């Protein structure tokens with residue numbers, strides 16, 4: 006369970022960061038990807054998120070979670086990408102992608118009101 010909360014902290018941090026860049030609008034939904042290496046299910050992430058996010062006022066954010074095989078960070082453009090077995094960056098095409106730690110999360114979108 007402590008491992009899940011590190012991941013949840015990363016999710017909350019990403020959502021708060023996007024909320025700040027949207028001039029403080031309230032987030033209502035978020036779509037994200039986590040790696041199978043995190044050893045979590047989308048249901049467990051959502052349940053843990055609800056409990057942990059209460060103190061941040063984010064417990065009502067509707068999460069859509071996709072568990073993907075592997076995430077990595079491109080050493081060239083620094084983008085975190087989903088890996089497809091080639092270890093090439095899907096953004097810049099360079100073959101310099103380092104496999105990310107299990108707590109890595111990609112927030113694909115965040116909707117605000």
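Numbering (this note's numbering), first residue to last: 6 to 118.
For glycine and all other residues, C-beta sits at the position ideal for the given N, C-alpha and C.
Predicted model, so just to flag it, every value in this text is computed and none were measured.
Query, Result
"For residue 110, write down the residues that DSSP places opposite it in a beta bridge.", "39"
"Quick one, are the C-beta atoms of residue 70 and residue 50 less than 8 Å apart?", "yes"
"Does residue 116 come out as helix, strand or coil in the three-state DSSP assignment?", "strand"
"By the 10 Å Cβ neighbour count, where 16 or more other Cβ atoms means buried, how is residue 114 classified, buried or exposed?", "exposed"
"With three or more beta-carbon pairs closer than 8 Å as the criterion, would you say the region 11-23 touches the region 32-44?", "yes"
"Quick one: give me the first and last residue of the alpha helix (DSSP H) that residue 5 is part of.", "This structure leaves residue 5 out entirely; the chain is present only between 6 and 118."
"Tell me whether the beta-carbon of residue 117 lies closer than 8 Å to the beta-carbon of residue 27.", "yes"
"Would you check if the distance between the CB atom of residue 89 and the CB atom of residue 43 is smaller than 8 Å?", "no"
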